[in-house]
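Peer 1: Structure below; questions to follow.
Number of protein chains: 2
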Amino acid sequence: MTSAAGPRPDDGGARTAPARRPGGRSALVRARVLDAVRAQLLEHGYDELTVDAVAARAGVHRTTVYRRWRDVGGLLADVLDAAGGDDWRPRDTGSLEGDLTALNREVHQALTERPSITAALIAASFRSAEAAEALRRFWDDRYARCEAVVDRAVRRGEIPAATDARRLLVAATAPLYHHLVLLRTPPDPGLPGHAARAAALAASAGAFAEP
Amino acid sequence: MTSAAGPRPDDGGARTAPARRPGGRSALVRARVLDAVRAQLLEHGYDELTVDAVAARAGVHRTTVYRRWRDVGGLLADVLDAAGGDDWRPRDTGSLEGDLTALNREVHQALTERPSITAALIAASFRSAEAAEALRRFWDDRYARCEAVVDRAVRRGEIPAATDARRLLVAATAPLYHHLVLLRTPPDPGLPGHAARAAALAASAGAFAEP
DNA sequence: TCCTTAAAGCGACATCAGTTGCGTTAAGAT
DNA sequence: ATCTTAACGCAACTGATGTCGCTTTAAGGA
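Those protein sequences? They're chains D and P, same order as listed. The first sequence begins at 1 in full-length UniProt numbering and counts up by one. The second sequence begins at 1 in full-length UniProt numbering and counts up by one.
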């Protein structure tokens, strides 16, 4: 799947090509709407991110947005998918703890900056199945890329070869999400480092080794 | 603060007692409404938990609910506060990893049962400041009680005496919330044990020791 | 250039969350 | 027993969200 541009009424079979038109007005409208979503989010935050506001800002009719994106969650999902195809890679600092700390600092930044698109998407994921799916895809992609961090640590001999990369990565990052998203404790600049160090220690002790 | 029964228009000074009436009809209405919230949540889940449905079910007028609880978040906050004064204590299994595993199993249960009041409250906390506050209070209380687990482990000599209890407890439980609430991965019965073991290992390696 | 039709525009409508003003009931004090 | 007034009942209203049927525009193929 590439860029999700809204509901796609399935061709049904292999007849004559059903003539999609993703190149002209549709694409222009989509670009204007997604730009409006980003701008509205940056200027007024998630609370004022309504379909009406986005449509007005994009100079597009309300029903157009409702038909193509269904709701705010659908809009955010499309924004996220559009931004997901970037070339992000985890930093290489030379040590597992360093890599995890750098990663955690990025997560910390993404969750505490105001306004935070990530935080908005998390909030939206509790109201919209589309947003929830997009977020799941996004995180799945990010964690997959982060497995490189674990591979490097294994190659350096820091941790066992049979280490479960996902479990290690979740152990390192989960405390950040827990504090900043769920517990809503005031941001602690030491948190990224602490969580990274704890996960790295557990990993080198074989806590994430497969049976 | 005891049981929050709605807005309390501050006496302002020490005049004659302003004559609250928390013992009669008010209390009856509150009990009926909170019962209705629990019943509605159990039968139809969070999505159908509206102020109107609760009011109808409680045999009370809509405006009464709006005035006393403001919104669904306020209702859930009151339910949680009412249920927060229980006598819950973490189990004592004889080892840190055992205690954390038992704890994690309870968290896992609370988050995966359908319907889950905890999950409903988390969802509500993104829409209602009152629900967010109630949830914060609830978790703060629970984590405070769980510090007993860490104290016991210190006394047994499993972990350093200077261990930061909160950080250890968050490290143990956060992966559960991350998987079940945010990542929405399918429930893994091994997860409570895995996360507990990793946190216990990190703790014994001194990962949560104070400087 | 012309034709077909997907997608956008438009306004009317439906629904629901939440508010307001006012009358009614009954808790608790005298 | 009587009085005061907090809390509840009631209905009408506002505003935002989301839908529907129809018309208009223009993309892309002939």
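Don't be surprised by glycine CBs; every beta carbon is placed ideally from N, CA and C. What you are looking at is a predicted structure, and each value in this text was computed from that prediction instead of being measured.
Determine, using beta carbons only, whether P/R136 comes closer than 8 Å to chain D.
Peer 2: Translated into the one-based positions of the second sequence, residue 136 of chain P becomes position 136. Yes, because at least one Cβ of chain D sits closer than 8 Å to the Cβ of P/R136.
Peer 1: Between which two residues does the alpha helix (DSSP H) holding D/P175 run?
Peer 2: Within the first sequence, the letter at position 175 stands for residue 175 of chain D. Unbroken alpha helix (DSSP H) run through D/P175: A165 to Y177.
Peer 1: Does the contact criterion of 3 or more C-beta pairs under 8 Å hold for the stretch 170-179 of chain P versus the stretch 189-200 of chain P?
Peer 2: Yes, the stretch 170-179 of chain P touches the stretch 189-200 of chain P.
Peer 1: According to DSSP, is D/V198 part of a helix, a strand, or is it coil?
Peer 2: Counted from its first residue, the first sequence places residue 198 of chain D at position 198. Reading the sequence as shown, one finds Ala at residue 198 of chain D and not Val. Helix at D/A198.
Peer 1: Indicate whether at least one CB of chain D lies closer than 8 Å to the CB of P/P211.
Peer 2: Looking up residue 211 of chain P in the second sequence gives position 211. It does not; no Cβ of chain D falls within 8 Å.
Peer 1: Give me the DSSP bridge partner(s) of P/A209.
Peer 2: Here residue 209 of chain P refers to the residue found at position 209 when the second sequence is read from its first residue. Note: P/A209 sits in a beta bridge opposite P/T163.
Peer 1: Just the C-alpha distance for P/R156 and D/A162, rounded to the nearest angstrom, thanks.
Peer 2: Locating residue 156 of chain P in the second sequence gives position 156, where the first residue counts as 1. Locating residue 162 of chain D in the first sequence gives position 162, where the first residue counts as 1. Rounded to the nearest angstrom, the two C-alpha atoms are 31 Å apart.
Peer 1: Measure from the C-beta of D/R142 to each C-beta in chain P and report whether the shortest distance is under 8 Å.
Peer 2: Here residue 142 of chain D refers to the residue found at position 142 when the first sequence is read from its first residue. No, D/R142 lies away from the interface with chain P (no Cβ there is under 8 Å from its Cβ).
Peer 1: So what does DSSP say about P/S204, is it helix, strand or coil?
Peer 2: By one-based count along the second sequence, residue 204 of chain P stands at place 204. Helix.
Peer 1: Starting from the Cα of residue 298 of chain D, find the closest Cα among P/R62, P/D99, P/A39 and P/D140 and give me that residue.
Peer 2: As shown, chain D starts at 1 and ends at 211. That puts residue 298 of chain D outside it, with no answer to give.
Peer 1: Listed from N- to C-terminal order along the chain, which residues in the stretch 151-171 of chain P have their beta-carbon within a distance smaller than 9 Å of any beta-carbon of chain D?
Peer 2: Here the close residues are D164, R167, L168, V170 and A171.
Peer 1: Closer than 7 Å between beta carbons: that is the criterion. Which residues of the stretch 63-81 of chain P meet it against chain D?
Peer 2: So nothing in the stretch comes that close.
Peer 1: Determine the direct distance from the alpha carbon of D/G190 to that of D/N104, and round the result to whole angstroms.
Peer 2: Walking along the first sequence from the start, residue 104 of chain D turns up at place 104. Walking along the first sequence from the start, residue 190 of chain D turns up at place 190. So the alpha carbons of these two residues sit roughly 10 Å apart.
Peer 1: Scan the stretch 44-128 of chain D and note each continuous alpha helix (DSSP H) run of 4 residues or more that stays entirely inside, going in chain order.
Peer 2: Segments of the alpha helix (DSSP H) lying fully in the stretch 44-128 of chain D: 51-58, 62-69, 72-84, 96-112 and 117-125.
Peer 1: Verify the CB distance criterion: does P/P187 have a CB-CB separation below 8 Å to chain D?
Peer 2: Numbered from its first residue, the second sequence carries residue 187 of chain P at position 187. For P/P187, the answer is no, since every Cβ of chain D falls outside 8 Å of its Cβ.
Peer 1: I'd like to know if the stretch 45-52 of chain P and the stretch 79-93 of chain P are in contact, where contact means that at least 3 CB-CB pairs between them fall below 8 Å.
Peer 2: In short, these stretches do not touch, since the Cβ pair count stays below three.
Peer 1: Using a beta-carbon distance below 8 Å, is D/A198 in contact with chain P?
Peer 2: The count along the first sequence starts at 1 and reaches residue 198 of chain D at position 198. Yes - at least one Cβ of chain P is within 8 Å of the one on D/A198.
Peer 1: Along chain D, in chain order, which residues have C-beta atoms closer than 9 Å to that of P/A205?
Peer 2: Residue 205 of chain P sits at position 205 when you count from the first residue of the second sequence. The answer, in chain order, is A198, L201, A202, S204 and A205.
Peer 1: Would you call the stretch 116-124 of chain D and the stretch 67-77 of chain D touching, i.e. three or more CB-CB distances under 8 Å?
Peer 2: Yes: the two stretches touch, three or more of their Cβ pairs being nearer than 8 Å.
Peer 1: Going along chain D in order, which residues have a C-beta closer than 7 Å to the C-beta of residue 212 of chain P?
Peer 2: Nothing can be reported for residue 212 of chain P: it is not among the residues displayed for chain P, which extend from 1 to 211.
Peer 1: Quick one: what does DSSP say residue 243 of chain D is sitting in, helix, strand or coil?
Peer 2: Because chain D is modelled from 1 through 211, residue 243 of chain D falls outside the range shown and cannot be assessed.
Peer 1: When you compare only the Cα positions, how much space is there between D/T112 and P/G59?
Peer 2: In the first sequence, the residue the question calls residue 112 of chain D occupies position 112. In the second sequence, the residue the question calls residue 59 of chain P occupies position 59. Cα to Cα, the separation comes out at about 44 Å.
Peer 1: Using a Cβ cut-off of 8 Å, pull out every chain P residue sitting near D/H178, in sequence order please.
Peer 2: One-based indexing of the first sequence puts residue 178 of chain D at position 178. In chain order: V170, T173, A174, Y177 and H178.
Peer 1: For P/E133, tell me which candidate among D/A120, D/T185 and D/L135 has the shortest Cα-Cα distance.
Peer 2: Residue mapping note: residue 133 of chain P aligns to position 133 of the second sequence, counting from 1. Here the closest residue by C-alpha is D/T185.
Peer 1: Smallest Cα separation from D/S116: which of D/H44, D/L34, D/L28 and D/S204?
Peer 2: Within the first sequence, residue 116 of chain D is the residue found at index 116, counting from 1. When each option's Cα is compared against that of D/S116, the closest is D/H44.
Peer 1: Do you know whose CA, among P/A129, P/P187, P/F208 and P/E158, lies nearest P/H108's CA?
Peer 2: Translated into the one-based positions of the second sequence, residue 108 of chain P becomes position 108. Minimum Cα distance to P/H108 is reached at P/P187.
Peer 1: Which whole-angstrom value is the C-beta distance of P/A165 and P/A202, which I expect to be below 8 Å?
Peer 2: Here the question's residue 165 of chain P lines up with position 165 in the second sequence. Here the question's residue 202 of chain P lines up with position 202 in the second sequence. Actually they are not in contact, since the Cβ atoms of P/A165 and P/A202 sit about 14 Å apart, beyond 8 Å.
Peer 1: Here's the rule: buried if 16 or more other CB atoms are within 10 angstroms of the residue's CB, otherwise exposed. What is D/L169?
Peer 2: Within the first sequence, numbered from 1, the residue matching residue 169 of chain D stands at position 169. D/L169 should be labelled buried.
Peer 1: Shorter than 8 Å from the beta carbon of P/L182 to some beta carbon of chain D?
Peer 2: Taking the second sequence and counting its residues from 1, one reaches residue 182 of chain P at position 182. Taking Cβ atoms only, chain D reaches closer than 8 Å to P/L182, which makes this a yes.
Peer 1: Measure from the alpha carbon of D/R57 to the alpha carbon of each residue in D/R38, D/I159 and D/R67, then state which is nearest.
Peer 2: On the first sequence, position 57 is the one that residue 57 of chain D refers to. The residue with the shortest Cα to Cα distance from D/R57 is D/R38.
Peer 1: For D/E97, which residues of its own chain have a beta-carbon under 6 Å away from its beta-carbon, when the five flanking residues on both sides are left out?
Peer 2: In the first sequence, the residue the question calls residue 97 of chain D occupies position 97. Excluding residues within five positions, the ones whose Cβ falls inside 6 Å are A196, R197 and A200.
Peer 1: Work out the CA separation of P/V33 and P/G206 for me, nearest whole Å.
Peer 2: The count along the second sequence starts at 1 and reaches residue 206 of chain P at position 206. The count along the second sequence starts at 1 and reaches residue 33 of chain P at position 33. P/G206 and P/V33: Cα-Cα distance of roughly 49 Å.
Peer 1: Please name the residue in D/L100, D/L180 and D/A55 whose C-alpha comes closest to that of D/A119.
Peer 2: Counting from 1 along the first sequence, the entry for residue 119 of chain D is found at position 119. For D/A119, the nearest C-alpha among the options comes from D/L180.
Peer 1: Taking the C-alpha atoms as reference points, what is the distance between P/V149 and P/R89?
Peer 2: Position 149 of the second sequence, counted from the first residue, corresponds to residue 149 of chain P. Position 89 of the second sequence, counted from the first residue, corresponds to residue 89 of chain P. Whole-angstrom Cα-Cα distance: 10 Å.
Peer 1: Excluding the 5 residues preceding and the 5 following P/Y66 in the sequence, name in chain order all residues of the same chain whose CB lies nearer than 7 Å to its CB.
Peer 2: By 1-based counting over the second sequence, the position of residue 66 of chain P is 66. V51.
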